[in-house]
Amino acid sequence: MATSLKHKTQNALDEARTLILGVQIFVGALFRAVFEPGFQRLDTISKNLLICALGLFLLSLTLLVLPAPYHHLVVRNRETEEFNRFVVKVMFAGLIPFALSLGISLYIGTLIVSGPSLAVLLGVSVTVLALFFWYGMGLVTRGAKSR
């Protein structure tokens with residue numbers, strides 16, 4: 710049991726680190742976007758959406774970073790079921806703003822090179838697909854296992 714718990718804890722921390730790297734890339738890109746010449750050409754709504762996407766990515770980053778200090782400070786680097794439950798809850802919560810900001814970012818990028826119809830379609834599609842693969846697949850596989 711201890712080996713399994715240790716493996717689950719290490720796996721949870723590794724997954725959180727991987728997600729953090731992805732979010733950091735998007736945060737850097739959105740911080741930089743504000744200083745690009747094309748930012749001034751965006752309408753006010755798109756500028757506000759970009760800032761909103763940045764805020765959502767920062768929220769996601771904050772939530773995804775939480776497991777490491779929690780593991781160090783609260784559970785004193787011990788492998789516990791409580792810690793694994795905490796990581797699952799935090800990652801569950803952290804992926805929601807990630808998916809929303811991903812869709813908003815794609816909407817803005819597509820709006821610049823295409824029209825608003827395609828931008829809305831792609832932005833919503835990416836958000837829905839991300840939420841489906843991060844949450845819906847788990848529900849589908851759990852439902853299939855229970856049958």
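So in the numbering used here, the last one in the sequence shown is 856, and the numbering has no gaps at all.
Just so you know, even glycine gets a beta-carbon here, dropped at the ideal spot from N, CA and C.
Among the options, the one whose alpha carbon lies nearest that of residue i
| i | options | result |
| --- | --- | --- |
| Val774 | Val833, Leu831 and Ala725 | Ala725 |
| Gln733 | Ala762, Thr718 and Asn757 | Ala762 |
| Asn720 | Met800, Gln749 and Arg750 | Met800 |
| Phe740 | Ile760, Thr727, Thr753 and Leu751 | Ile760 |
| Ala738 | Ile817, Val835, Val822 and Val849 | Ile817 |
| Leu815 | Phe744, Gly803, Ala839 and Leu782 | Ala839 |
| Leu809 | Phe841, Val849 and Gln749 | Phe841 |
| Gly847 | Val797, Thr789, Val822 and Val835 | Val797 |
| Thr836 | Glu745, Leu811, Gly845 and Thr850 | Leu811 |
Under the three-state DSSP convention, the category residue i falls into
| i | result |
| --- | --- |
| Asp752 | coil |
| Val784 | coil |
| Gly824 | coil |
| Val736 | helix |
Own chain, CB closer than 7 Å to residue i, minus 5 neighbours either side, in chain order
| i | result |
| --- | --- |
| Ile859 | In the structure as shown, the chain begins at 710 and stops at 856. Residue 859 is therefore absent and cannot be evaluated. |
| Leu767 | Val736 |
CA-to-CA distance, residue j to residue i, given in whole angstroms
| i | j | result |
| --- | --- | --- |
| His716 | Gly731 | 23 Å |
| Ile813 | Leu758 | 7 Å |
| Pro776 | Phe807 | 17 Å |
| Leu714 | Ala802 | 22 Å |
| Ser857 | Leu765 | Residue 857 is absent from the model: the chain starts at 710 and stops at 856. |
| Ser823 | Asp723 | 38 Å |
Beta-carbon contacts of residue i that lie in its chain and below 8 Å, excluding the five residues immediately before and after
| i | result |
| --- | --- |
| Thr819 | Leu827, Ala828, Leu831 and Gly832 |
| Val708 | With the chain covering only 710 through 856, there is no way to say anything about residue 708. |
| Phe748 | Ala742, Lys756 and Leu759 |
Cut-off 6 Å between Cβ atoms - residues of its own chain near residue i, not counting five sequence neighbours on either side
| i | result |
| --- | --- |
| Leu804 | Trp843 |
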